[in-house]
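First up is the structure itself, then whatever we jot down about it.
Protein chains: 2
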Amino acid sequence: MDTPDTPHVNKERIDTMEHLSAAIGVSRPTLSRYFQDPDNVSRTSRERIRKGLERVEYVPNFFATRMNRKSTGMIGVIIPYLNDLFFSRLLEAIERAAMDVGYTVITQCSHSDPAIEARAAETLMSMNVEGALVAPLGNHSDLDVHERLRSRLPFVMVDSRPDTMPEVDFVGTNHYHSTGLATEYLARVGGPPVFLAMPRVNFNAMERERAYIAKMEQLGLEPRIVGVEGVSGAGYFEAHGQAVLEREFSSGRLVASSILCVNDRVAIGALRAAATHGLEAGAMQRGGLRIAGHDDYPLCPYTVPSLTTVAQNVDAIGRTAVARLVESIRAEKSSGKQILKLFDGEMKIRESA
Amino acid sequence: MDTPDTPHVNKERIDTMEHLSAAIGVSRPTLSRYFQDPDNVSRTSRERIRKGLERVEYVPNFFATRMNRKSTGMIGVIIPYLNDLFFSRLLEAIERAAMDVGYTVITQCSHSDPAIEARAAETLMSMNVEGALVAPLGNHSDLDVHERLRSRLPFVMVDSRPDTMPEVDFVGTNHYHSTGLATEYLARVGGPPVFLAMPRVNFNAMERERAYIAKMEQLGLEPRIVGVEGVSGAGYFEAHGQAVLEREFSSGRLVASSILCVNDRVAIGALRAAATHGLEAGAMQRGGLRIAGHDDYPLCPYTVPSLTTVAQNVDAIGRTAVARLVESIRAEKSSGKQILKLFDGEMKIRESA
DNA sequence: CCCAAGAATTTACGCATGTAAATATTATGC
DNA sequence: GCATAATATTTACATGCGTAAATTCTTGGG
């Protein structure tokens, strides 16, 4: 076995193509073409280079290559936060889709901060990404930043979008459908559902609230919303759901209601509040409390009781967003035609409702 | 209000410093210095440039700047997967710490795939990052890749490390302490704990298993381990915990035991299995079932019952890892002295045990 | 064996910036 | 108003690689 001081790999280290060229006797431009696509050089050179690369260590400089290529082959992605399994799933879907069509993705995370979001946009532009995919922060986003990106390169919004940019390309979930589905389901199996909302800073949250109201009116029921007040933030979804229902349950309200939560993380807090008050949501339970969420957060099957929810088609959203972006990158001249792709949700009926 | 076709920002777009220099009457090298640090140019030029930048749109080319600077000011981070709130917390801690000391972090995610991990390492080297922080995949990692990185630039491992690299700089949790703490606690309040393990591919999982055994022997108790067989993978922690306990409970085993789970995600699956069998873990419950986890996953306070666990000091780990890396970047000549920072865990006693 | 067509390689230049050294400008003190 | 120092700007070259155009090499046919 090797000792710590003799690593497995101690080939000669070479740091420019020029030197590599000298070391293995193939001209630099030929090497350049080899690294872009090995099939671009003759079989003999290809073998010669491969052999050479086994003797010396060399990787082309990322920046130099990117700077000089006509196209960088990169797309930029901005997401609001990482500490949410919904966004990590979305990001993964996007990365896979991009990889499949030969693009590298550069991810920037806003960390719930508009200033960081703005800086992320600057960074993407300075890297000459060929297109940008952004999931906005919500009301806190600086709209100028988005407009700036949009006016500069192919641009697609994912997951949620501001009311003020109705004309932007968008890929997401049809919340009128998905939330409607859940509302309808709850109204059918339990009493008229109450909506556990969030402070109105998140576009999707607002849209789901509106969708809930619309569906309730359509059903001839009285909409009822709790939880729009309070602080908000990525880290506090569960705490918000718990706090709101703690308050309600403590006063004896909502203990036998159907409750539709704006998303699963809020619902997880809601389940917790119920448990604390000796309540258990579920179709099988006496008492009539029902709790449902939205998104199909990966943990939903494991909560106690398991959480009834409506799934977003995350994979399709990621794939479609990338496809649309690549299409408009290739079109060069912006086609002008706005694309709007809204995927339906799918009910996941589990124990909690 | 603006129409869609007249975005707020439609300043003249300038794409090189040369042109910017012509446009606002300041020499290019002066601009270069301005963009590196505005304080590097005279007050008058600074004002002149600021005014100019309000009229035209320009951002320095990321690649050109990075290519030419002596130091890139970037550190690379490789993490095994994103769909785990532990790693997103760690990543956030690292990003904040890096930002504080003026470094930009480039994150690469292995997606549980050694080939992608290897490519990530290549990418980092090709970007001339000044140091690398890696959380390895586990047994599947290609050790040569790590050795290669380590021999090339300042290198620190975080979270877990292979047995085969005992001499590498490492920052993580002292699992002999943390797991010992939990083992001891369970032994004290309940019966001798059983360890719900994982397939032996994850370094931390293995270390916790060993720590459990050591502590049990120290306490004069018989260690007992379940769940080492089965498939593994980032996406299946909860499913694994659930499946193992489903099997046990179905045969009437472990229904009144103290169970220490290798991590919180496995514990969440365990809680679920218990609920399915009409069992509820907890100090307050009759029956004697107790379940504890490890990590203090953000959802622990919200599970039903809330999950007793031992917290890793994620912030400290992130900060310390970055600090160590930056230190050895600045030292230039590798000091040779290995650094090992292990943080103690902290018991979080909740309902489940 | 020679010539032409085709393929591969080399030459030469370009990319957008950093940076050291040389020069010009401004400020300071008297 | 002048010499000098301090500061700012310009000149000139460097970075590592992409790429079009020019050149060399290979191959096959006659």
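Here the protein sequences line up with chains A and B, keeping their order.
Take any residue in the first sequence, note its place counting from 1, add 7, and you have its number in our numbering.
Take any residue in the second sequence, note its place counting from 1, add 7, and you have its number in our numbering.
Think of the CB as a built atom: it goes at the ideal place given N, C-alpha and C, for glycine as much as any other residue.
Nothing here was measured: the structure is a model prediction, and the numbers come from that model.
Which chain B residues are close to residue i, counting only those with a beta carbon under 7 Å from its beta carbon?
i, result
"Gly352 of chain A", "Result: empty, since nearest Cβ-Cβ is about 21 Å, beyond 7 Å."
"Ala71 of chain A", "Met74"
"Leu278 of chain A", "Val311"
Quick one: is residue i near chain B, going by C-beta distance under 9 Å?
i, result
"His284 of chain A", "no"
"His118 of chain A", "yes"
"Glu102 of chain A", "yes"
"Ile82 of chain A", "no"
"Ser28 of chain A", "no"
"Gly259 of chain A", "no"
"Gly300 of chain A", "no"
"Val16 of chain A", "A caution first: Val16 of chain A carries a pLDDT of 48, below 50, which makes its placement in the model unreliable, though a value can still be read off. It does; some Cβ of chain B falls within 9 Å."
"Gly227 of chain A", "no"
"Gly242 of chain A", "yes"
"Arg20 of chain A", "yes"
From the beta carbon of residue i, is the nearest beta carbon of chain A less than 9 Å away?
i, result
"Ile134 of chain B", "It should be pointed out that residue 134 of chain B corresponds to Met in this sequence rather than to Ile. So yes, Met134 of chain B belongs to the interface."
"Pro312 of chain B", "yes"
"Gln249 of chain B", "yes"
"Thr23 of chain B", "no"
"Thr186 of chain B", "no"
"Thr316 of chain B", "no"
"Thr297 of chain B", "Residue identity differs from the one stated: residue 297 of chain B is Arg in this sequence, not Thr. Closer than 9 Å: no."
"Arg155 of chain B", "yes"
DSSP on residue i, reduced to helix/strand/coil?
i, result
"Ile113 of chain A", "strand"
"Ser335 of chain B", "helix"
"Glu99 of chain B", "helix"
"Met132 of chain B", "helix"
"Ile220 of chain B", "helix"
"Val152 of chain A", "helix"
"Arg76 of chain B", "coil"
"Asp46 of chain A", "helix"
"Arg20 of chain A", "strand"
"Glu64 of chain A", "strand"
"Asp302 of chain B", "strand"
"Arg35 of chain B", "helix"
"Leu226 of chain B", "coil"
"Ser119 of chain A", "coil"
"Arg53 of chain A", "helix"
"Met106 of chain A", "helix"
"Pro169 of chain B", "coil"
"Leu278 of chain A", "helix"
"Ser258 of chain A", "coil"
"Asp322 of chain B", "helix"
"His284 of chain A", "coil"
Along chain B, which residues have their Cβ under 8 Å away from the Cβ of residue i?
i, result
"Pro121 of chain A", "Residues of chain B passing the Cβ test: none, with the nearest at roughly 15 Å."
"Phe202 of chain A", "Those within 8 Å of Phe202 of chain A in chain B number zero; the least Cβ separation is about 20 Å."
"Arg96 of chain A", "Asn90"
Going along chain A, which residues have a C-beta under 9 Å from residue i?
i, result
"Glu393 of chain B", "Lying before the first or after the last residue shown, residue 393 of chain B is absent from chain B, which here runs from 8 to 360."
Under 9 Å Cβ-Cβ, which residues of chain B neighbour residue i?
i, result
"Val66 of chain A", "Glu129, Thr130, Met132 and Ser133"
"Ser148 of chain A", "Here the premise fails: no neighbours, minimum Cβ distance about 14 Å."
Tell me, please, which residues DSSP counts as bridged to residue i.
i, result
"Cys268 of chain B", "B:Leu203"
"Thr316 of chain A", "A:Lys355"
"Lys348 of chain B", "B:Val178"
"Leu140 of chain A", "A:Val84 and A:Val163"
"Arg297 of chain A", "A:Ser265"
"Ile232 of chain A", "A:Phe202"
Which bits of chain A does residue i rub up against, with CB to CB less than 8 Å?
i, result
"Glu99 of chain B", "Leu89, Asn90 and His118"
"Ile275 of chain B", "Leu306 and Tyr309"
Inset, instruction - Inspect the CB distances between the stretch 177 to 193 of chain B and the stretch 109 to 128 of chain B and report whether three or more fall short of 8 Å. - result: no
Inset, instruction - Count the C-beta pairs between the stretch 49 to 59 of chain A and the stretch 46 to 66 of chain B that are closer than 8 Å, then say yes if the count reaches three, no if not. - result: no
Legend entry - Segment contact, 8 Å Cβ cut-off, at least three pairs: the stretch 304 to 316 of chain A with the stretch 327 to 341 of chain B: no
Inset, instruction - Specify whether the stretch 242 to 252 of chain A and the stretch 269 to 278 of chain A touch according to this definition: at least 3 beta carbon pairs, one from each stretch, less than 8 Å apart. - result: yes
Legend entry - Contact between the stretch 151 to 169 of chain B and the stretch 105 to 114 of chain B (3+ Cβ pairs under 8 Å): no
Inset, instruction - Evaluate the contact criterion for the stretch 343 to 352 of chain B versus the stretch 171 to 180 of chain B: three or more CB pairs, one atom per stretch, below 8 Å. - result: yes
Inset, instruction - Flag this pair as touching only if the stretch 27 to 43 of chain B and the stretch 315 to 329 of chain A have three or more C-beta atom pairs under 8 Å; answer yes or no. - result: no
Legend entry - Inter-stretch contact at 8 Å, needing at least 3 Cβ pairs: the stretch 253 to 267 of chain B / the stretch 193 to 204 of chain B: yes
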